[in-house]
Every structure is written in structure tokens, then in C-alpha cells.
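Chains A and B, in that order, are what the protein sequence lines are. Following my numbering, the numbering of the first sequence begins with 1 at its first residue and continues without gaps. Following my numbering, the numbering of the second sequence begins with 1 at its first residue and continues without gaps. What follows is one structure encoded as C-alpha cells, with my remarks underneath.
Protein chains: 2
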Amino acid sequence: MELSERKKKVLRSVVDLYIRTAEPVGSKAITELPDMKYSSATIRNEMAELTTMGYLEQPHTSAGRIPSAAGYRLYVDELMLDYRLSVDETKSINSAIEEKMQRVDKMMDRVARLVSQATNLPAISAASRSAGARVKRYELILAEKGSFILVLMLTDDQVVNKLIKLPIPVSETDLKLLSAVLNAAMTDLTADDFTEALLEKVMASAGAAASLVPVIVDFTQETLRARAKTDMAIAGQARLLGLPEYRDVDKAQRVLASIDEEALSNLPAVMQSASGTKVLVGPENVADELKDTSVVMTSFDIGDGMQGMIGVVGPTRMDYAKVTARLTYFAESLSKMFGKPETPQLPERTDAKAEHNKSE
Amino acid sequence: MELSERKKKVLRSVVDLYIRTAEPVGSKAITELPDMKYSSATIRNEMAELTTMGYLEQPHTSAGRIPSAAGYRLYVDELMLDYRLSVDETKSINSAIEEKMQRVDKMMDRVARLVSQATNLPAISAASRSAGARVKRYELILAEKGSFILVLMLTDDQVVNKLIKLPIPVSETDLKLLSAVLNAAMTDLTADDFTEALLEKVMASAGAAASLVPVIVDFTQETLRARAKTDMAIAGQARLLGLPEYRDVDKAQRVLASIDEEALSNLPAVMQSASGTKVLVGPENVADELKDTSVVMTSFDIGDGMQGMIGVVGPTRMDYAKVTARLTYFAESLSKMFGKPETPQLPERTDAKAEHNKSE
DNA sequence: GCTTAGCACTCAGGGATAATGAGTGCTAAA
DNA sequence: TTTAGCACTCATTATCCCTGAGTGCTAAGC
Numbered sequence: 001m002e003l004s005e006r007k008k009k010v011l012r013s014v015v016d017l018y019i020r021t022a023e024p025v026g027s028k029a030i031t032e033l034p035d036m037k038y039s040s041a042t043i044r045n046e047m048a049e050l051t052t053m054g055y056l057e058q059p060h061t062s063a064g065r066i067p068s069a070a071g072y073r074l075y076v077d078e079l080m081l082d083y084r085l086s087v088d089e090t091k092s093i094n095s096a097i098e099e100k101m102q103r104v105d106k107m108m109d110r111v112a113r114l115v116s117q118a119t120n121l122p123a124i125s126a127a128s129r130s131a132g133a134r135v136k137r138y139e140l141i142l143a144e145k146g147s148f149i150l151v152l153m154l155t156d157d158q159v160v161n162k163l164i165k166l167p168i169p170v171s172e173t174d175l176k177l178l179s180a181v182l183n184a185a186m187t188d189l190t191a192d193d194f195t196e197a198l199l200e201k202v203m204a205s206a207g208a209a210a211s212l213v214p215v216i217v218d219f220t221q222e223t224l225r226a227r228a229k230t231d232m233a234i235a236g237q238a239r240l241l242g243l244p245e246y247r248d249v250d251k252a253q254r255v256l257a258s259i260d261e262e263a264l265s266n267l268p269a270v271m272q273s274a275s276g277t278k279v280l281v282g283p284e285n286v287a288d289e290l291k292d293t294s295v296v297m298t299s300f301d302i303g304d305g306m307q308g309m310i311g312v313v314g315p316t317r318m319d320y321a322k323v324t325a326r327l328t329y330f331a332e333s334l335s336k337m338f339g340k341p342e343t344p345q346l347p348e349r350t351d352a353k354a355e356h357n358k359s360e
Numbered sequence: 001m002e003l004s005e006r007k008k009k010v011l012r013s014v015v016d017l018y019i020r021t022a023e024p025v026g027s028k029a030i031t032e033l034p035d036m037k038y039s040s041a042t043i044r045n046e047m048a049e050l051t052t053m054g055y056l057e058q059p060h061t062s063a064g065r066i067p068s069a070a071g072y073r074l075y076v077d078e079l080m081l082d083y084r085l086s087v088d089e090t091k092s093i094n095s096a097i098e099e100k101m102q103r104v105d106k107m108m109d110r111v112a113r114l115v116s117q118a119t120n121l122p123a124i125s126a127a128s129r130s131a132g133a134r135v136k137r138y139e140l141i142l143a144e145k146g147s148f149i150l151v152l153m154l155t156d157d158q159v160v161n162k163l164i165k166l167p168i169p170v171s172e173t174d175l176k177l178l179s180a181v182l183n184a185a186m187t188d189l190t191a192d193d194f195t196e197a198l199l200e201k202v203m204a205s206a207g208a209a210a211s212l213v214p215v216i217v218d219f220t221q222e223t224l225r226a227r228a229k230t231d232m233a234i235a236g237q238a239r240l241l242g243l244p245e246y247r248d249v250d251k252a253q254r255v256l257a258s259i260d261e262e263a264l265s266n267l268p269a270v271m272q273s274a275s276g277t278k279v280l281v282g283p284e285n286v287a288d289e290l291k292d293t294s295v296v297m298t299s300f301d302i303g304d305g306m307q308g309m310i311g312v313v314g315p316t317r318m319d320y321a322k323v324t325a326r327l328t329y330f331a332e333s334l335s336k337m338f339g340k341p342e343t344p345q346l347p348e349r350t351d352a353k354a355e356h357n358k359s360e
């Protein structure tokens with residue numbers, strides 16, 4: 001059933017107010033809004049109907065109304081007015097990214113931290129790599145204490161390393177040889193390409209360090225397989241405690257614990273299916289602990305067939321418009337940063353400027 | 001002034017009980033302890049004296065006593081009975097380390113997570129590198145989209161990488177040449193060894209990619225300098241909320257925020273001075289937000305002149321004995337793992353096998 | 001027929017007051 | 001020196017009442 005324009009306006013007002021105040025919204029409060037030209041009695045009638053229709057609910061008889069999950073859903077899908085990022089906001093997001101995103105290794109960490117700062121909510125970021133990541137180069141570095149470091153450079157520009165104990169003494173020269181052999185024979189393979197036959201062939205030509213090959217291959221396969229999953233990070237959990245709905249410590253703890261653990265690991269999977277920005281309102285969440293909590297997420301392009309995801313977790317009463325806008329902008333900036341083939345910045349940094357202009 | 005044996009026993013009992021229950025301890029409760037052969041009145045007298053001596057305090061007239069900071073201090077320094085780790089505990093710590101600590105890159109992350117799990121408290125881990133870290137090897141990898149990855153392998157076995165945009169088109173061959181030149185001329189230098197003269201010399205022989213040299217040197221110096229500071233991680237913040245003293249959300253938030261931010265960055269510095277296990281009771285803490293909170297930390301050896309640190313943050317009423325024992329054991333295991341030159345474990349389980357187990 | 005003023009009703013939240021009980025200090029007897 | 005006993009203190013909890021915000025409904029007004 002279609003809602004009348006007036007009902008929509010009332011519903012939107014209720015959600016907006018509730019987002020701002022975290023308190024049940026009464027008919028009088030609505031009346032006092034600018035350009036709401038009806039008396040409180042009329043509003044009451046409308047609210048009563050919205051309640052029977054399931055968009056609002058009443059915590060108790062003599063309190064105002066709060067949006068139900070269905071109410072939020074409708075709000076997010078149709079009612080919500082676009083939040084326009086101010087120039088300042090885009091600027092601060094841009095410069096945050098500029099500054100902090102240079103290092104490749106702890107990237108997801110940084111992204112999560114930045115998103116959390118920008119939204120003042122706990123944030124998650126994840127990079128779901130394509131199943132087909134391959135090794136671009138092997139490096140073996142002799143370390144002291146009878147061990148060496150294996151460094152894998154992957155086609156997705158990630159660098160992974162592992163400290164491995166040497167079962168037998170091996171010389172620098174042996175390692176050089178081994179690494180040459182590996183680079184010649186075992187690059188550009190997916191996890192499943194490491195056949196027994198190949199393994200033996202490599203070991204045959206690997207000289208003194210041949211016994212290291214199985215260990216290296218094991219780790220490589222494991223890494224490639226793990227890469228197919230995700231690399232994720234969480235930041236800003238403590239921000240949750242600032243919100244009135246999480247003054248109930250038990251609740252806060254439950255939510256935090258479920259964010260901390262793998263409960264959210266399946267979020268990236270959810271993301272996988274649909275791209276673009278997605279809002280999960282309260283009960284739509286998979287994890288039980290989050291039934292009371294909303295999740296907003298969006299994906300971005302890391303290039304090379306890989307996808308990144310950023311998201312925040314917050315109360316069902318969160319400022320969906322603002323959060324969505326910031327998240328989306330973030331995602332766009334990140335996509336631009338490493339997704340698209342054009343060079344993001346030439347020496348003079350003219351491009352960066354151009355981006356700013358465009359967002360105004 | 002020396003305390004009588006009986007006073008010590010009473011004080012120890014009060015602290016022990018308070019650690020367990022988080023409630024003020026009354027004279028009756030003490031009486032009910034096994035091998036406490038005095039009546040409540042006697043205990044009351046002793047407690048009264050301990051109070052005037054400053055080791056105990058009373059939240060209000062008709063409540064039991066709780067330890068004062070001085071009381072905790074004395075407890076930690078002299079009274080605390082050694083907590084003996086059970087075989088199970090050492091086993092689980094060992095296997096956790098075995099399993100999770102193989103990868104070099106997110107090491108501090110993992111350590112923090114493990115320590116937090118083992119103590120059920122928020123944990124911090126940091127590696128303070130020696131100021132003298134040097135570059136062991138440079139690798140330059142051409143990436144798509146007109147950029148390349150610079151990988152630095154440091155003498156401390158850490159691997160750092162950065163994605164750098166190419167200001168000009170450069171071929172794979174150019175990069176190879178450049179990398180050879182860098183490795184020949186610029187390894188094993190400290191941050192201050194990169195002189196203008198050297199820079200020019202390298203650029204002269206670097207061919208087409210010479211213009212990359214300054215960028216690379218900049219990042220290298222920056223990295224070496226940053227390494228001189230610390231690499232740190234925090235985990236398990238949410239565990240704080242499980243404790244009764246942090247049911248006050250505001251307090252919890254203050255503490256969490258201060259852990260999250262750099263407030264604790266100076267802890268590693270504190271650690272620097274004294275090695276061994278250190279307990280900071282409440283007010284002894286530097287950061288104001290932690291006046292109510294204790295910190296236990298200990299250092300471990302990463303070898304090569306570098307030092308690691310692990311620590312936990314918890315209520316002043318924390319189980320110092322247990323926490324200290326676990327932390328110390330952790331530190332020893334970690335030291336053994338990469339600090340000492342001897343191979344950590346010789347038993348029939350050969351090293352190689354140990355590693356394999358992991359992937360099963 | 002929609003809108004609104006008016007009114008009786010409900011109920012959460014916030015004092016105020018009282019009852020409870022754990023714990024204390026002190027004294028006097030063992 | 002230890003301990004039993006007693007009067008006293010005071011945080012905590014329960015109870016009651018009041019207040020005020022908000023509601024639904026009805027009847028009058030446009």
C-alpha cells in the first residue's frame with residue numbers, strides 16, 4: 001500500500017528526530033518542526049496509523065514513537081534525503097587518504113581507522129582478493145640463528161613473508177640458487193598448479209637447498225588460498241560506547257565481541273553478492289548479537305579483479321544519510337586511488353586538485 | 001616500618017579476596033579463610049591499623065576495606081605468592097605461539113591478540129627496534145597502473161613495502177638496473193648515512209630510473225627512523241567491559257580511548273629503562289585516564305639488539321600473580337623463539353616437522 | 001469529510017522516606 | 001593479648017507518591 005505524502009513526511013520526521021535525539025518522538029515535537037502545518041492531534045492520528053501499519057512502535061503507552069525496523073527500511077530506501085558532503089568533509093577525507101594510505105602492508109588497518117574516524121563508529125574494512133592470486137616473485141633471505149625469511153610478492157601487489165627455520169645448514173649461495181629456480185619455475189601459478197611433478201622437478205634442480213622446497217610450497221599454497229578469502233581489519237570499537245544505546249554495558253560487550261570475532265567474517269561474503277552501498281537494518285542482520293544494530297557497507301575497487309569493502313556498525317538509529325554519503329565517498333576515493341588505471345597523481349599534484357573541484 | 005607477620009597475612013588476604021570478588025572485604029570474610037585462627041574482632045583491629053598505615057582504605061564507614069595503591073604496591077613487591085603456571089597453561093601458551101607466530105609481517109598484532117586471550121585483558125605489544133636498523137636488500141617490482149612497489153628488507157628481518165607512483169614511464173629493465181645499483185651502493189646504511197654525495201653517485205649510475213632514487217631514499221630514511229621508534233598493536237579492548245569496575249561506561253570509554261590512542265605510546269619508553277617485569281599500580285601511571293588502572297608489562301628479546309614488550313591493562317584489582325606469571329612465561333617463550341641464538345627446541349620433533357604440523 | 005481543541009487516562013522517571021543488613025569501633029571480660 | 005558483645009553508621013534496596021509527557025477519543029469547527 002502506498003503511503004500518503006503526509007504520512008511519508010511524518011515518518012521521515014520521526015526517523016530524523018529519533019536519529020538526532022535517541023528519544024521517543026512525540027506528536028508535539030513533530031508539530032514544532034518547520035513547515036509542518038498540522039496540529040498535534042492530526043499528527044497523532046497519522047502516527048497512530050503508521051503504528052498499525054508497522055512503521056512505528058511505542059515503547060510504552062505514554063511515550064512517543066520510535067521507528068520500527070520496517071520504518072527504518074522504508075526510510076533508507078525511499079524517504080531519506082541525500083546528505084550532501086560539504087567541501088570540508090571531502091577535503092578532510094581526501095587528505096586523510098592521501099597521507100595515510102601510502103604503505104601497502106597495513107592497508108586494511110589504516111582504511112578501517114580512517115573510516116571509523118570519519119563516521120565516529122566502529123568500522124571494518126576488508127579486501128577480498130580474487131581466488132586467482134599468483135606469486136610474482138620469491139625472495140629468500142638468510143637470517144641469523146639458522147633461519148631464513150621467505151618473501152612472496154603476489155600479483156595483487158601484496159607482500160607476505162614468513163620466518164622459516166632451516167632444518168639443515170644452508171649457505172647464501174644455496175639460497176640464491178634456490179630462489180632463481182623458484183622464480184623460473186614457480187611464478188604465476190595458482191594454488192592448484194603446484195603439482196607433485198612440478199615439485200619434484202624443482203627439487204631436482206634446487207641443489208643443496210632442495211629440502212626447503214616442500215616447506216616453501218606449502219606456505220605458498222596456504223597463502224594463495226588464504227588470500228582468496230579476506231584480509232580484514234577493525235577499528236574504533238570504543239566509539240560504540242559513546243552512544244546512548246550502548247550505555248548498557250552488556251549489550252555493548254556483546255556487540256563488540258561479535259565484531260571482534262569472526263561473526264562479521266561473513267559480511268564480506270554478503271557484500272560480494274551485491275555491489276554498491278548496502279544497508280542492513282537491525283533484524284536483517286545475520287548474527288544474532290547484531291539484531292539490534294545496523295550495518296552500512298559499500299565496496300570499492302582495488303583493481304585486478306579484487307574488491308575491497310568498508311563498513312560501519314552502529315545503532316539502528318544511526319544517521320544513515322550521513323554515514324552512507326561518507327562511506328560512498330570514501331569508497332569512490334579509494335577506488336580512484338588504486339582501482340582505475342589512470343595515474344592518480346602526477347608530480348605537481350594537479351589531479352588531486354581536480355578531484356576536489358569535481359566534488360564541489 | 002616493618003609489618004608484623006600477622007599484618008602481612010591479613011593484608012595479603014584482603015588483597016586476594018578483593019581481587020577475586022571486587023567487593024570491599026570485611027573482617028568476617030577474612031575470619032572464614034582457612035588457616036586464619038583469629039576472631040573477627042582481632043582482624044578488625046589489625047585492619048584498623050593497616051588502614052591508618054595507609055595500606056587499606058574504606059570506601060565508607062560501614063563497608064569493608066579495599067587495598068590502597070600502597071597496599072597493592074606492597075602486595076606486588078613482597079606479599080604476592082608466586083602463581084605457578086599449570087602444565088596445561090604452558091602448553092596452551094606454547095601451542096598458541098607455535099601456531100600463530102610464523103608470519104613475520106603482522107607479528108605485533110598476533111602477539112597482542114595472544115596475550116589478550118591468555119590474560120583476558122586488553123593487551124599491548126610493541127617492538128622497539130634499535131635505532132641502528134639498516135637495509136639488507138631493496139626490491140623494486142613493477143606494478144600495473146604506472147606504479148611500482150618498493151620492498152625494503154631490513155636487518156631486523158622486518159619487511160616494509162610501499163606503493164610508489166611512477167612520475168615517468170620506466171621499463172622493467174630500468175628497474176632491474178636501479179635495484180642492482182641500490183643493492184650495491186646503499187645497503188647496510190643507517191638513516192644518517194644517506195649523504196648528498198652518495199645520492200648523486202647512485203643517481204649517476206642509475207640510468208633511466210634515476211629520478212626514482214630520491215623518492216626511494218626518502219622513504220628508506222623515513223622507515224629507518226620510524227623503526228627506531230616502535231611498531232605496536234593492541235588487542236582485546238572489549239574484554240575490559242566484562243569487568244565490574246568498568247560497568248561505568250564513561251570510565252570504560254575513557255580508558256579504552258586512552259589505550260587506543262597514543263597515550264600508551266610512552267609505555268614502551270618506560271619499558272626501555274628497566275627490563276624484566278614491571279607493575280604500575282594505578283596512580284603510578286603516567287596517563288591521567290589510567291590513574292585507576294594498573295599496567296603490567298614485561299620485555300622480551302627479539303635479538304639483534306632489539307627489544308619487544310608485551311603488557312596488559314586492567315583494574316588495579318587484577319590478579320597480579322597470575323597475570324605476571326603468564327606474561328613472563330610468554331615473554332620467555334618469545335625470547336626463546338627469536339631472541340636466543342640456540343635453536344629453540346631440539347626434541348625429536350625436528351624443526352621442519354613442527355612447521356608442517358601447523359598446516360595440518 | 002478533514003482538522004483541531006479539549007479532556008481523561010496511562011505510565012516512566014524522579015524524589016523522598018523507611019527498612020535492611022553488612023561492617024565498624026570500642027569496651028569489658030576471659 | 002584475644003575475643004564477645006553492643007551501639008552505631010551508612011550504602012543499598014524497596015516502596016510510595018508525584019509530576020509531566022504523551023496518548024486516544026470525542027465533539028466542535030471549517
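Cβ coordinates follow ideal geometry from the N, Cα and C atoms, glycine included. Only a predicted model underlies this, so the values are computations on that prediction, with no experimental measurement involved.
Secondary structure at Glu139/A: strand, using DSSP grouped into helix, strand and coil. Residue-level contact check: Val151/B touches chain A, since one or more beta carbons of chain A fall below 7 Å from its beta carbon.
In the structure shown, Met232/A falls within a strand segment according to DSSP collapsed to helix, strand and coil. Taking a C-beta cut-off of 7 Å against chain B, the contacting residues of the region 229 to 254 of chain A are Gln237, Ala238, Leu241, Gly242, Arg247, Val249, Ala252, Gln253, listed in chain order.
Straight-line spacing of the CA atoms in Gln117/A and Asp231/A works out to 20 Å. If you draw a 10 Å sphere on the C-beta of Glu46/B, you find 16 or more other C-beta atoms in it, and that means buried.
Taking a Cβ-Cβ cut-off of 7 Å, the neighbours of Lys136/A in chain B comprise Ile141, given in sequence order. Residues of chain A with a Cβ closer than 7 Å to the Cβ of Asp260/B are, in chain order, Ala238. DSSP, read as helix, strand or coil, puts Arg134/B in coil.
Residue pairing of Pro67/B in beta bridges, as defined by DSSP: Leu56/B.
The alpha-carbon separation between Pro283/A and Ser211/B amounts to approximately 56 Å. For Leu50/B against Val10/B, the beta-carbon gap comes to about 7 Å, under 8 Å, which counts as contact. Using a Cβ-Cβ cut-off of 7 Å, Asp157/A is close to Ala143, Ile149, Leu163 of chain B, given in chain order.
The beta strand (DSSP E) runs of length 3 or more contained entirely in the region 168 to 236 of chain B are, from start to end of the chain, 230 to 235. Between the C-alpha atoms of Thr190/B and Val159/A there is a straight-line separation of about 24 Å.
DSSP places Lys291/B outside any alpha helix (DSSP H), giving it a letter other than H or E. CA-to-CA, the gap between Ala226/A and Ala143/A works out to about 26 Å. Taking the Cα positions, Ser39/A is about 19 Å away from Asp16/A. Beta-bridge annotation (DSSP): Thr298/A is paired with Ile310/A. For Lys251/A, the enclosing alpha helix (DSSP H) covers residues 249 to 260. In this structure Leu56/A touches Gly71/A by the C-beta definition: roughly 6 Å separates them, less than 8 Å.
Here DSSP, grouped into helix, strand and coil, assigns Pro315/B to strand. Annotated three-state conformation of Ala96/A is helix, per DSSP.
Three or more beta-carbon pairs drawn from the region 316 to 330 of chain B and the region 107 to 124 of chain B are found closer than 8 Å, and the two stretches are therefore classed as touching. Closer than 7 Å to the CB of Leu256/B there is at least one CB belonging to chain A. Cβ-Cβ distances below 6 Å link Pro315/A to Leu243, Glu245 in the same chain, with the five nearest sequence neighbours on each side left out; the list follows chain order. The C-beta distance from Val281/B to Val76/B rounds to 7 Å, short enough to meet the 8 Å contact threshold. According to the DSSP assignment, Val279/A belongs to no alpha helix (DSSP H) but to the beta strand (DSSP E) extending over 278 to 280.
Around the beta-carbon of Leu240/A, 16 or more other beta-carbon atoms lie within 10 Å, marking it buried.
Burial state of Glu139/B is buried, judged by a 10 Å Cβ sphere holding 16 or more other Cβ atoms. About 12 Å separates the beta carbons of Leu198/B and Ala184/B, which is beyond the 8 Å limit, so they are not a contact pair.
Excluding the 5 residues flanking it on each side, Ile43/B has same chain C-beta neighbours closer than 7 Å at Val10, Ser27, Ile30, Thr31, in chain order.
At least 7 Å separates the beta-carbon of Leu224/A from that of Gln237/A.
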